[in-house]
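Worksheet for the structure shown next.
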Amino acid sequence: MDKVEDLELKISKFLRAGILVAGFFILAGWLVRFKWSENPFLRFQHYERTSFFDMAEIHFMSEDWAFFLSYSGLFILISLPIIRVMLTGILFFKQKEKILGSVAFAVLFFLLLSFGLGFEI
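Those letters in the sequence shown? Residues 4 to 124, by our numbering.
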């Protein structure tokens, strides 16, 4: 097997493992958060607009670890495509495909920029 195929196989195994880990964290957070004595949908009757950082601070102060389990799984899940684009760019540069590597890193830059512009402080 040649080096490029070996790297692509490693990337795909990494992504597969990342999906499983993210799914485990999200499921564990949901199961810990789920209360068997009450209707879990009652808290969705009223919507309050709260920034992510304020919500994280509230859950941290109340030691709501289920929130952090779920959101860490979501963070892992969102970061997988970012890592994939970065590894693809590295792979292109190793193959001496400078144009495709540059395009991959441009995509990575705009992907990170779009995430940064989406944060509300």
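For every residue, glycine included, the Cβ atom is placed at its ideal position computed from N, Cα and C.
Computed from a prediction, not measured in an experiment: that's the story for all the values here.
Can you list, in chain order, the residues of its chain whose CB lies under 6 angstroms from that of residue i, leaving out five sequence neighbours each side?
i   : result
R36 : A69
G76 : A25, F28 and I29
Exposed or buried, which one is residue i when buried takes at least 16 other CB atoms within 10 Å?
i   : result
G32 : buried
F47 : exposed
For residue i, I'd like the list of residues in its chain whose CB is within less than 8 angstroms of its CB, leaving aside the five on either flank, ordered along the chain.
i    : result
I14  : R87, L90, T91 and L94
V7   : L94, K97 and Q98
F63  : F71
L114 : P84, I85 and V88
Within a Cβ cutoff of 7 angstroms, which residues of the same chain sit near residue i, ignoring the five residues on either side of it in sequence?
i    : result
F112 : none
G104 : G92, F95 and F96
Helix or strand or just coil, what does DSSP make of residue i?
i   : result
Y50 : coil
D57 : helix
S82 : helix
D9  : helix
Taking the alpha carbon of residue i as the reference point, which residue from the options has its own alpha carbon closest?
i    : options               : result
F55  : K101, I81 and Y74     : Y74
S82  : Y50, D9, L120 and G21 : G21
F118 : F78, E60 and E100     : F78
L80  : R19, L45 and E11      : R19
Determine the direct distance from the alpha carbon of residue j to that of residue i, and round the result to whole angstroms.
i   : j    : result
H49 : M58  : 15 angstroms
E66 : V110 : 37 angstroms
D60 : K101 : It is worth fixing the name first, because residue 60 is Glu in this sequence and not Asp. For E60 and K101, the distance between alpha carbons rounds to 44 angstroms.
T53 : L12  : 41 angstroms
What do you reckon, is the C-beta of residue i under 8 angstroms from a heavy atom of the ligand PLP?
i   : result
V35 : This structure lacks the ligand PLP, and indeed carries no ligand of any kind.
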